[in-house]
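>
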Amino acid sequence: MLKDITLGQYFPIDSPIHKIDPRMKLITAIVYIVSVFFARSAVAYGFMLLTAILLVIVSRIPIKTILKSLKPLIFIVVITGIINIFWYQPKDSSTLLVSFWIINIYLEGIISAVYMLTRIACIIIGTSVILTYTTSPIALTDGLEQMLAPLGKLHLPVHEFSMMMTIAMRFIPTIVEETDKIMAAQKARGSDFSTGNIIRRIKAIIPILIPLFVSSFRRADELAIAMECRCYRGGEGRTKMTKLKFKYYDFLWLVLVASLIAVMIVINTYLPFYIV
Amino acid sequence: MTIAEFKNVSYVYSKDTPFEKAAVNDVNIQFEQGKITGIIGHTGSGKSTLSQLLNGLLKVSSGEVYVNDKNIWSEPKKIREVRFKVGLVFQYPEYQLFDETIRKDISFGPKNMGLSAEEINERVIESIKFVGLPEDVLDMSPFDISGGQKRRAAIAGIMAMRPEILVLDEPAAGLDPSGKREIFERLRKYKDDTKSTLIIISHSMEDMAEFCDNIVVMSDSRVFLSGSVEEVFSHSSELTSVGLMVPQATQILMELKEMGYDVDTGAYTSTDAVSQIMKLFEGGDDHA
Ligand SMILES: Nc1ncnc2c1ncn2[C@@H]1O[C@H](COP(=O)(O)OP(=O)(O)O)[C@@H](O)[C@H]1O
Ligand SMILES: [Mg+2]
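Protein chains in written order, with the numbering used here: chain A, 1325 to 1600; chain B, 74 to 361.
Rendered as structure tokens:
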């Protein structure tokens, strides 16, 4: 069933990371990605991987869940790895391991592929633990709205944008449920989504998509009217029920993550193993 | 004669997850050929789940479903044929119309059955008549006709598959009383003309009392009562105990009985109730 797909992966438990201000999480997620790119030596990559694992432990997200979220990426990761091995541009100091026909595989090529994989893994695990798993979608858009609020001075529709995001996320489960229902109804009329060639399968989707679009438009219309009935007029002069406020541990968190960059530089300088 | 049967059927949604939910629990029902069976119950009592178990859209968690004495899951590859035999009209079927014209939309089912163009055309005309829509609606877009017409067009789309059993989930939901009556009358005529079997899901006792031959009362994912309309409504006090509204006519008779009058609370149509009350008056005259 479609329902079983995790949409919006928020994991509602209690952990130190869950408590952090969503704005700070957005900032630190970016800082974390930057720090991953600072890693150059093998020790630095190892250290980054360690921090990713540490993040998972602190966030109390089950390891299984994290691994499951990585599964769809295996294909991309493998392709990237292979490309890295074969596309490696050798330097004079490179060690040739295998050579046949036009293919040369260098030790440094393999190392750089491993680095690349570590980087991808760290970025995915890091951002998902810092952001998606530990921040509710609503908190995230709230944080985004307040962060981007200054742009409103430039007449950019920041509030409208975040309202759109909130509404979109609110309706994802509704639409999934509706899709299930329409699929069942068309199956009852003999639709077959699981056999036949690609063209037949694509054709079988049309009887689902059209009713889905029609009802989405209808729902959007109804929602717009309902909002107008409650005098919704956009963001101007609108106040918040819960205003986000930075606390001391939000800054502590920022310092902690930002210091990773310094740690990377120190490791690269003093433990420069296998830099490629 | 029994045309379809549930034997110890249970169904669990989202099995082995934290959201596990038993929607149908050890259900036994026999549906008689050529009869109208009503399935009544509260929202969430498992009626819609039952309907989807009958045509194989959902696979039983345990137990067996028989259609024409054949276990529908004995050959899982042929489950599509079961869906043609047991036509299911979902709740609010008007939201599933999708094609450019009503004609094409009604043809969708027969086309999936692999019928010839002539045969399809014949069935489209036949079924549009059953639901009482004028033929010129056929070439209109499903998005240009009224809600009631859409509902009927959607029902015609299932009738066109000529199922042996037609299952309708809340066919009258959201219709005004006259639209309701018309749908039920057309369905009865359809059943008489085609000699097929009808199963109607509803939570309105009134409609079911007037329209069905047999009734199955679902409560809390189980069969609470089943039998002919007379049998089921003779248990009016049990029905009220599980929070189901008995027909108003029965309610009045029940209250009269409580007040000490000698009436038969098994009556469920207004005509029967009136004759019961008239009898009281006649009896009263004797005393006077
Ligand atoms: N797709 C589904 N996933 C999980 N639970 C469901 C699903 N559909 C129905 N249920 C649950 O199963 C129970 C029976 O539902 P349903 O058969 O729709 O009842 P009814 O049609 O009598 O209102 C309800 O408690 C409902 O919440
Ligand atoms: Mg239902």
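Even glycine gets a Cβ: it sits at the ideal position worked out from N, Cα and C.
Here the structure is a predicted model, which means the values were calculated and not measured.
One question on the structure: do Leu271(B) and Val290(B) come within less than 8 Å of each other, judged by their Cβ atoms?
Stepping through the second sequence from its first residue, residue 271(B) is reached at position 198. Stepping through the second sequence from its first residue, residue 290(B) is reached at position 217. Not closer than 8 Å, so no.
> Which ranges does the alpha helix (DSSP H) cover as unbroken runs of at least 4 residues, wholly within the segment 257–306 of chain B, from first to last along the chain?
Listed in chain order, the complete alpha helix (DSSP H) runs (minimum 4 residues) inside the segment 257–306 of chain B are 278–284, 302–306.
> At the level of alpha carbons, what is the spacing between Arg1384(A) and Ala1582(A)?
Position 60 of the first sequence, counted from the start, is the residue given in the question as residue 1384(A). Position 258 of the first sequence, counted from the start, is the residue given in the question as residue 1582(A). Cα-Cα distance, rounded: 22 Å.
> Please report the residue range of the beta strand (DSSP E) in which Leu1420(A) lies.
As a working mapping, residue 1420(A) is identified with position 96 in the first sequence. Looking at the DSSP string, the run of the beta strand (DSSP E) that includes Leu1420(A) is 1420–1424.
> Is it the case that the Cβ atoms of Leu1514(A) and Gly182(B) are separated by a distance below 8 Å?
Indexing the first sequence from 1 puts residue 1514(A) at position 190. Indexing the second sequence from 1 puts residue 182(B) at position 109. The question names Leu, but residue 1514(A) is Gly in the sequence shown. Yes; because the gap between Cβ atoms is below 8 Å, this pair is in contact.
> Asn1408(A) by DSSP, collapsed to three states: which one?
By 1-based counting over the first sequence, the position of residue 1408(A) is 84. Correct three-state label for Asn1408(A): helix.
> Can a CB atom of chain B be found closer than 8 Å to the CB of Ala1512(A)?
Working through the first sequence from its first residue, we reach residue 1512(A) at position 188. Closer than 8 Å: yes.
> Look at Ile1499(A) and Ser1540(A) and say whether their C-beta atoms are less than 8 Å apart.
Position 175 of the first sequence, counted from the first residue, corresponds to residue 1499(A). Position 216 of the first sequence, counted from the first residue, corresponds to residue 1540(A). In contact: Ile1499(A) and Ser1540(A) (Cβ atoms closer than 8 Å).
> Using a Cβ cut-off of 8 Å, which residues of the segment 211–239 of chain B contact any Cβ in chain A, in chain order?
Residues passing the 8 Å Cβ filter: Phe216, Gly230, Ile231, Met234.
> I'd like to know whether the C-beta atoms of His276(B) and Ile175(B) end up nearer to each other than 8 Å.
Sequence index remark: in the second sequence, residue 276(B) carries index 203 (1-based). Sequence index remark: in the second sequence, residue 175(B) carries index 102 (1-based). No, the Cβ-Cβ distance between His276(B) and Ile175(B) is not below 8 Å.
> Ligand 2 and Asp1574(A): does any heavy atom of the ligand fall closer than 7 Å to the residue's C-beta?
As a first step, residue 1574(A) must be located in the first sequence, where it is residue number 250. Asp1574(A): no, Cβ never under 7 Å from ligand 2.
> Give me the residue from Leu239(B), Ala246(B), Thr342(B) with the minimum Cα distance to Lys262(B).
In the second sequence, the residue the question calls residue 262(B) occupies position 189. The residue with the shortest Cα to Cα distance from Lys262(B) is Leu239(B).
> Between Arg153(B) and chain A, is the shortest Cβ-Cβ distance under 8 Å, so that the two count as touching?
Mapped onto the second sequence, residue 153(B) falls at position 80. Judged by the 8 Å Cβ criterion, Arg153(B) is in contact with chain A.
> Does ligand 1 have a heavy atom nearer than 7 Å to the CB of Thr1498(A)?
Residue numbering aside, residue 1498(A) sits at position 174 when the first sequence is read from its first letter. Because no heavy atom of ligand 1 lies under 7 Å away, the Cβ of Thr1498(A) does not count as near it: no.
> Nearest by alpha-carbon distance to Arg156(B): which of Ala190(B), Lys202(B), Met186(B), Gly247(B) is it?
Taking the second sequence and counting its residues from 1, one reaches residue 156(B) at position 83. Of the candidates Ala190(B), Lys202(B), Met186(B), Gly247(B), the one whose C-alpha sits nearest the C-alpha of Arg156(B) is Met186(B).
> Does any C-beta atom of chain A lie closer than 8 Å to the C-beta of Pro166(B)?
For the purposes of this step, residue 166(B) is taken as the residue at position 93 of the second sequence. Answer yes: the Cβ-Cβ gap between Pro166(B) and chain A drops below 8 Å somewhere.
> Short of 8 Å Cβ to Cβ, which residues in the segment 115–130 of chain B face chain A?
Listed in sequence order: Gln125, Asn128, Leu130.
> Taking 6 Å as the limit between beta carbons, can you name the residues of its chain near Leu248(B), skipping five residues before and five after?
Taking the second sequence and counting its residues from 1, one reaches residue 248(B) at position 175. Nothing listed; no residue qualifies.
> Please determine if the segment 1415–1430 of chain A and the segment 1440–1451 of chain A are in contact, where contact requires at least 3 C-beta pairs separated by less than 8 Å.
Contact between the segment 1415–1430 of chain A and the segment 1440–1451 of chain A is absent, because fewer than three Cβ pairs lie under 8 Å.
> By Cβ distance below 7 Å, which residues in the same chain neighbour Tyr1369(A) in space, the five residues on each side in sequence not counted?
As a first step, residue 1369(A) is located in the first sequence; it is residue number 45 there, counting from the start. Around Tyr1369(A): Ala1363, Tyr1439, Thr1442.
> Please look up how many angstroms separate the CB atoms of Ser1452(A) and Ser1393(A), rounded, as I've assumed it's under 8 Å.
Counting from one through the first sequence, the residue named residue 1452(A) turns up at place 128. Counting from one through the first sequence, the residue named residue 1393(A) turns up at place 69. That pair is a contact at about 6 Å.
> Roughly how many angstroms lie between the CA atoms of Arg1542(A) and Gly220(B), to the nearest whole one?
Reading the first sequence from its first residue, position 218 is the one you call residue 1542(A). Reading the second sequence from its first residue, position 147 is the one you call residue 220(B). About 14 Å.
> With distances taken Cα to Cα, identify the nearest neighbour of Ile273(B) among Lys94(B), Asn81(B), Leu127(B).
For the purposes of this step, residue 273(B) is identified with residue 200 of the second sequence, where counting begins at 1. Ile273(B) has its Cα closest to that of Leu127(B), out of Lys94(B), Asn81(B), Leu127(B).
> Measure the C-alpha to C-alpha separation of Gly218(B) and Ile256(B) and round it to an integer number of angstroms.
Translated into the one-based positions of the second sequence, residue 218(B) becomes position 145. Translated into the one-based positions of the second sequence, residue 256(B) becomes position 183. Just to set this straight, residue 218(B) is Ile in the shown sequence, not Gly. Going from the Cα of Ile218(B) to the Cα of Ile256(B) covers about 17 Å.
> Taking Glu237(B) and Ile109(B) to be in contact with their CB atoms under 8 Å, please state how far apart those CB atoms are, rounded to whole angstroms.
Against the second sequence, residue 237(B) aligns to sequence position 164. Against the second sequence, residue 109(B) aligns to sequence position 36. Glu237(B) to Ile109(B), Cβ: 14 Å. No contact.
> How far does the alpha helix (DSSP H) with Val1438(A) in it reach, from first residue to last?
Counting from one through the first sequence, the residue named residue 1438(A) turns up at place 114. Counting along the chain, the alpha helix (DSSP H) containing Val1438(A) begins and ends at 1431–1451.
> Going by the C-beta, is Gln376(B) closer than 7 Å to any heavy atom of ligand 2?
Residue coverage of chain B in this structure runs from 74 to 361, which leaves residue 376(B) outside it and unanswerable.
> Over what stretch of residues does the beta strand (DSSP E) that includes Lys80(B) continue unbroken?
Translated into positions along the second sequence, residue 80(B) becomes position 7. That run of the beta strand (DSSP E) goes 75–86.
> Closest to Met234(B) by CA distance: which of Asp266(B), Glu192(B), Asp265(B), Gln222(B) is it?
Translated into the one-based positions of the second sequence, residue 234(B) becomes position 161. The shortest C-alpha separation from Met234(B) is found at Glu192(B).
> Taking 7 Å as the cut-off, is the beta-carbon of Asp242(B) closer than that to any non-hydrogen atom of ligand 2?
Against the second sequence, residue 242(B) aligns to sequence position 169. Yes; taking the cut-off as 7 Å, the Cβ of Asp242(B) has a heavy atom of ligand 2 nearer than that.
> Quick test of your reading: Val138(B) and Lys158(B), contact by CB under 8 Å. State the CB separation rounded to the nearest angstrom.
Your numbering for residue 138(B) matches position 65 in the second sequence. Your numbering for residue 158(B) matches position 85 in the second sequence. The pair is not a contact, with the Cβ atoms about 12 Å apart (cut-off 8 Å).
> Taking only three categories from DSSP, how would you classify Thr116(B)?
Start at 1 with the first residue of the second sequence, and residue 116(B) comes out as number 43. Coil, per DSSP.
> Please state the DSSP three-state secondary structure of Gln103(B).
Residue 103(B) sits at position 30 when you count from the first residue of the second sequence. DSSP places Gln103(B) in strand when its eight states are reduced to three.
> Would the beta-carbon of Lys120(B) be found less than 7 Å away from any heavy atom of ligand 4?
In terms of ligand content, the structure shown lacks ligand 4 and carries ligand 1 and ligand 2 instead.
> With 8 Å set as the bound, which would you pick, yes or no: does the beta-carbon of Ala1508(A) sit closer than that to a beta-carbon of chain B?
Walking along the first sequence from the start, residue 1508(A) turns up at place 184. Yes, Ala1508(A) counts as interfacial toward chain B.
> Is the CB-CB distance between Gly136(B) and Val204(B) below 8 Å?
Residue numbering aside, residue 136(B) sits at position 63 when the second sequence is read from its first letter. Residue numbering aside, residue 204(B) sits at position 131 when the second sequence is read from its first letter. Result no, Cβ atoms of Gly136(B) and Val204(B) do not sit closer than 8 Å.
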